[in-house]
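The block underneath contains the structure these notes are about, expressed in structure tokens.
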Amino acid sequence: MAFAILIFLYLLQSCNLASSESFIGVNYGQVADNLPSPSATAKLLQSTAVQKVRLYGADPAIIRALANTGIGIVIGAANGEIPALASDPNFATQWINSNVLTYYPASKIILITVGNEVLLTNDQNLISQLLPAMQNMQRALSSASLGGKVKVSTVHSMAILSRSDPPSSGLFNPAYQDTMRRLLQFQKDNGSPLAVNPYPFFAYQSDARPETLAFCLFQPNPGRVDSGNGIKYMNMFDAQRLNDTLTCEVDKQKALQKFLSNFDHLALVKAVSFSSAEKMIFWKAYDLRALNCTDVTYVPDDRVAIAMIYALILPRFELLGMLKMLANLIREHHVDAVRSALNAMGFIDVEIVVAETGWPYKGDSNEVGPGIENARAYNGNLVAHLRSMVGTPLMPGKSVDTYIFALYDEDLKSGPASERSFGLLKPDLSVTYDIGLLKSSLTPSTPTTPVTPSPKPTTAGWCVPKAGVSDAQLQASLDYACGQGIDCGPIQPGGACFEPNTVASHASYAMNLYYQKSAKNPWNCDFSETATLTLKNPSKSHFNSNAISLHIYLQF
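Encoded structure:
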């Protein structure tokens, strides 16, 4: 009977591994001249836990290669196609015929994104055409009997938010609210998601403190409390982080234009060397704090001033690019802040999709944050966080569909080296760094009747605290692990593993349980260098052996 139960648990886990990964996707960019063939890519993807692929266009070779793989496909209409889609329903019909009907259902197209970060262009004509384009695309799908099967959305920069700190106060930028309300009503009516691009990497570049890095990388940290509802956030992906505390609703472009029209570049050059107090006077004088702002304490980053210098010295400098850089420097918004903004506008039923997020594994010498260990930590811990199904504080118990950027490096992209260094795979199809997506690392071994209730490790089997680590460090690691959705009930008072009541014992339990739930990836037993892997079962020296071993065995 016991063996039969174990077989059932094994089969149940196998089913979960097959189905519960549907929220993990990857972006397949093509701005490169050294990419492997789509057929080779499709074959490799089938050996991973990736269940969805987002394209920035509708490349026929890739869509065909993904046929009969079961992998969901997101295709995109470019910003340049929006005017034709908006003005001509026949163009939308032709677009659907060419890019969807030709391949569906063998190629599992699930979502069409109309445009990318359109609101950030500040092109009012283009923005006004976005909704009509989406509506015509939806009508074309419905005419082809695909309404409800293939969704229509658009992808937004996180600059659509004007307020996100604390997450519970998230609001859409007033400049975009009317547009967002119409777009969201369309998405609510058609059951399509709001797609956003959060990048903790950019937030860290603007606030390069160790505690910010840990918060970005899902590593042990003190957490940050939402003053609006008392919820403690343990990572930036779930919450948000404003660089400094600019939470007012600023019409950035209007303020910027006024600033540029009233100041010359020599004064700006001098501004770079201003003290914090002088900067405050300097910026306040030019109304960057005066547009609907209250109770704000904000010391601008020197790089903002430098960006504005470029804007004056180089008349052809693209205002859009500068605004995007300023948005990244000023703040970074994330999932629960978007959820709060949706709720505040009354769209509680509109789901969120993370269309892009990632971390570069290398960059230029003057870039802060890129590195293979940081990239492995962010993407690996993100995958583990999604698999835990703990969700976010405002959306508990489920994982948001998330597309990691990116499948390959794109060597033809301009900008700093980091822009060309997000790839999870190399052109030769080898792994840049492992984040536990290969199916071989996920499939559980066939269970056998155990000699004892304790599991036999297939690798270094347990994660335990390192010797000499302080209780304060272990407590931070303990708080982090228990905040990731694992069951820490047994180490609570009265629990089977509460004794011995020491931080080290409790941390050992929590670290190991987190490690076991994270597909036993080595980087999941780091905890800011407070933990290590061992072949010695910690339950035999720290806890009630039968209770902890049985708990781990049945769970894993």
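Heads up: the sequence shown runs through residues -20 to -1, 1 to 536, numbered per mature numbering (1 follows the signal peptide of the UniProt record, and there is no 0). In this text, a Cβ means the ideal position worked out from N, Cα and C, and glycines have one as well. Just so it is clear, the structure is predicted and the values come from calculations on it, not from any experiment.
query, result
"Suppose you measure from the CA of S19 to the CA of G5; what does that come to, to the nearest Å?", "18 Å"
"Between A511 and K446, how many whole angstroms is the CB-CB distance? I'm expecting something under 8 Å.", "6 Å"
"With 16 other CB atoms within 10 Å as the buried threshold, where does P350 fall?", "buried"
"Spatial neighbours of W503 within its chain, please: CB distance less than 7 Å, with the 5 preceding and 5 following residues excluded, ordered by chain position.", "R356, A357, G360"
"Measure the Cβ-Cβ separation of Y494 and P200 and say whether it is below 8 Å.", "no"
"Got a sec, what are the start and stop residues for the alpha helix (DSSP H) V318 sits in?", "315 to 324"
"Pick out whichever of A321, P40, V315 has its Cα sitting closest to the Cα of P178.", "V315"
"Taking 8 Å as the cut-off, decide whether the C-beta atoms of P173 and M216 are in contact.", "no"
"DSSP puts A175 in a beta bridge; with which residues?", "V135, V333"
"Answer with buried or exposed for D329, where buried requires no fewer than 16 other C-beta atoms within 10 angstroms of its C-beta.", "exposed"
"So which of K23, G326, V30 has the shortest CA-CA distance to Y383?", "V30"
"What is the DSSP secondary structure of N517, counted as helix, strand or coil?", "coil"
"For K11, tell me which candidate among D391, G395, C477 has the shortest Cα-Cα distance.", "Reading off the sequence, residue 11 comes out as Val, not Lys. Closest option to V11, Cα to Cα, is D391."
"Looking at the structure shown, is W75 part of a helix, part of a strand, or coil, going by DSSP?", "helix"
"How is the beta strand (DSSP E) around G52 delimited, first residue to last?", "52 to 57"
"Please say whether S87 and I140 have beta carbons closer to each other than 8 Å?", "no"
"Rounded to a whole number of angstroms, what is the C-alpha to C-alpha distance between V33 and N79?", "15 Å"
"For D381 versus V318, is the C-beta distance shorter than 8 Å?", "no"
"What does the alpha-carbon distance come out to for the pair F182 and A188?", "10 Å"
"Going by C-alpha to C-alpha distance, which of S133, F402, G395, G52 sits closest to K168?", "S133"
"Look at the Cβ atom of K131, then the Cβ atom of N170, and state whether they are nearer than 8 Å.", "yes"
"So the beta strand (DSSP E) A443 belongs to, where does it begin and stop?", "In the sequence under discussion, the amino acid at residue 443 is Cys, which differs from the Ala named in the question. That run of the beta strand (DSSP E) goes 442 to 445."
"Let me know if K516 comes out buried or exposed under the rule of 16 or more other beta-carbons within 10 Å of its beta-carbon.", "exposed"
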